[in-house]
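Engineer: Using the numbering used here, the letters of the sequence shown map in sequence onto residues 16 to 316. Glycine included, C-beta positions come from ideal geometry on N, C-alpha and C.
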Amino acid sequence: MPPSELAAFMAVAEHGGFRSAARASGASASALSHAVAGLEARLKAQLFIRTTRRVALTEAGERFAEALRPALRQLSRAVEALDGLSDQPRGTIRINASARAAELVLEPLILEFLRRYPDMTVDVRSDDNLLDLGSGAFDCGLRLIEMVPEDMVAIPVGGEQQHVVVAAPSYLRDVSAPSTPADLTAHDCIQWRLAGAARYRWEFERHGERLTIETQGRLILDDARLIAIAARAGAGIGYVAKAAIAEDLVDGTLVQLLHEWTPPYPGLALYYPKNRHMSAGMRALIAFVRELNRRDGRPEH
Numbered sequence: 016m017p018p019s020e021l022a023a024f025m026a027v028a029e030h031g032g033f034r035s036a037a038r039a040s041g042a043s044a045s046a047l048s049h050a051v052a053g054l055e056a057r058l059k060a061q062l063f064i065r066t067t068r069r070v071a072l073t074e075a076g077e078r079f080a081e082a083l084r085p086a087l088r089q090l091s092r093a094v095e096a097l098d099g100l101s102d103q104p105r106g107t108i109r110i111n112a113s114a115r116a117a118e119l120v121l122e123p124l125i126l127e128f129l130r131r132y133p134d135m136t137v138d139v140r141s142d143d144n145l146l147d148l149g150s151g152a153f154d155c156g157l158r159l160i161e162m163v164p165e166d167m168v169a170i171p172v173g174g175e176q177q178h179v180v181v182a183a184p185s186y187l188r189d190v191s192a193p194s195t196p197a198d199l200t201a202h203d204c205i206q207w208r209l210a211g212a213a214r215y216r217w218e219f220e221r222h223g224e225r226l227t228i229e230t231q232g233r234l235i236l237d238d239a240r241l242i243a244i245a246a247r248a249g250a251g252i253g254y255v256a257k258a259a260i261a262e263d264l265v266d267g268t269l270v271q272l273l274h275e276w277t278p279p280y281p282g283l284a285l286y287y288p289k290n291r292h293m294s295a296g297m298r299a300l301i302a303f304v305r306e307l308n309r310r311d312g313r314p315e316h
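This is the structure in C-alpha cells:
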C-alpha cells in the first residue's frame, strides 16, 4: 500500500477537507483526492462522505484513521531516533504557527536558527486554527501563551505584546473619540472573525479591572493584517497588535485610543508535547530559544 496514499488520507482526516489539507501539506487538492480514491479502491471501502459543503469520515474511515495514527507516530519516532544519533543537528522541524506569530518570530528566531545550523530545515505552516500536535504532523507550535494547551511544554518567545485601539484621523474627524471601552459600542469597529466563525471580543484592563467588549461594525475580516489596512483607510476603529502598526503611530497615519486600557500582556510561546521523543534538531531549537531568553533577560515562567 503506497505510503503517499496513507499520508493523503491522514492529511484530509486531520484537516477536515481536501482544500485545507492541501494548504497544510503543500500538495494539490486534486492530488490528495486522487490518492484517497486509490486507497479506497485498494481497501474496497468508502473512507469519506463527500458533499459540496463538507468532507467527513465514514465509520470505516474513522476506524482506519484511529488504527493508523499509532503506526504513523511510531514511524515518525523511528526517523527522529536516527536523526538524534547525530551530534550535528540536521533534518526538518515542522512548526504550526498562527500567521501573526510566524511573522513576529521569522527574523529574530527562525532565520537566526537556520544561520547557526546550516543542515537544518524549518517548515512553517501558518494556520490560525489551533491544531493538535499529538497527531505527529508537527514537531512544535507557536501561539500566544494563553492559547497553549495545558498538557504542552511552553517556552516564552520574544517579549510582551500589546493590542491597541486605533483609528485614522479621517475617521476621527467627524466623530467623538471614545474615552472608555463602553463608548466603542457607538462606533463603527472593524470586526475580526476567528477561524471558528466567532467574532473576536476586544479585551481591556485598567487598574485590575477587566472588560470584554463585543463591538459592532459593518466590515468583518478574518486577517489581522487586513484590519490594519482598513483602519488606515478610515473604515473604522481597529484593534490590532501594536508592533504591526508602530510606524503608522509614529507618522500619524493612525491614532492610538484608550491608551490606559490596553496594557502589555504575555506574548508568544514555543510549545511541544511533554513525552515525545525529540530529534537533535528539536533539542537544538529549544536550547536556542532559551539562549535568546537569557540574552535578553526574559524569564521562562
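Can you give the Cα-Cα distance for L307 and T230, rounded to whole angstroms?
Structural biologist: The straight-line gap from Cα to Cα measures roughly 38 Å.
Engineer: Could you tell me the alpha carbon to alpha carbon distance between I244 and A56, rounded to whole angstroms?
Structural biologist: Computed Cα separation, rounded: 48 Å.
Engineer: Hey, out of S191, R158, R131 and D134, whose CA is closest to A112's CA?
Structural biologist: Nearest option by C-alpha distance: R158.
Engineer: With DSSP as the reference, please indicate the residues paired to F219 in a beta bridge.
Structural biologist: According to DSSP, which records beta bridges pairwise, F219 is partnered with L226.
Engineer: Considering only the beta carbon of each residue, do R208 and I235 sit closer than 8 Å?
Structural biologist: A contact, by the Cβ cut-off of 8 Å.
Engineer: Whole angstroms is fine: what's the gap from L121's alpha carbon to A60's?
Structural biologist: In a straight line, the C-alpha of L121 is about 43 Å away from that of A60.
Engineer: Can you tell me the Cα-Cα spacing of R130 and I301, whole angstroms?
Structural biologist: Between R130 and I301, the C-alpha separation is close to 16 Å.
Engineer: Pairs of beta-carbons, one from the segment 32-45 and one from the segment 85-94, closer than 8 Å: are there three or more?
Structural biologist: No contact exists between the segment 32-45 and the segment 85-94.
Engineer: Give the DSSP-derived three-state secondary structure of R214 in the structure shown.
Structural biologist: Of the three classes helix, strand and coil, the one that applies to R214 here is strand, per DSSP.
Engineer: Between the C-alpha atoms of Q271 and E218, what's the straight-line distance to the nearest angstrom?
Structural biologist: Spanning the two alpha carbons is a distance of roughly 15 Å.
Engineer: By the 10 Å Cβ neighbour count, where 16 or more other Cβ atoms means buried, how is I110 classified, buried or exposed?
Structural biologist: Buried is the call here.
Engineer: Three or more beta-carbon pairs under 8 Å between the segment 247-262 and the segment 168-187, yes or no?
Structural biologist: Segments in contact, yes.
Engineer: Would you identify the three-state DSSP class for R92, choosing helix, strand or coil?
Structural biologist: Correct three-state label for R92: helix.
Engineer: Checking contacts by CB at 8 Å: is V163 closer than that to chain C?
Structural biologist: Included in the structure is just one protein chain, with no chain C present.
Engineer: Out of A192, D237 and R214, state which residue places its alpha-carbon closest to the alpha-carbon of T227.
Structural biologist: Residue R214 is the option with its Cα nearest to T227.
Engineer: Between R115, S19 and S191, which lies nearest to L273 when the distance is taken from Cα to Cα?
Structural biologist: With distances taken between Cα atoms, L273 lies closest to S191.
Engineer: Taking the alpha-carbon positions, what's the A246 to F128 distance?
Structural biologist: Distance between the alpha carbons of A246 and F128 is about 35 Å.
Engineer: Can you name, in chain order, every residue of its own chain whose Cβ lies under 6 Å from the Cβ of E175, other than the five neighbours on each side?
Structural biologist: Here the set comprises P279 and G282.
Engineer: From what residue to what residue does the beta strand (DSSP E) around A71 run?
Structural biologist: Residues V70 to L72.
Engineer: Output yes or no for whether 8 Å exceeds the beta carbon distance between D154 and I108.
Structural biologist: Yes, they are a contact pair.
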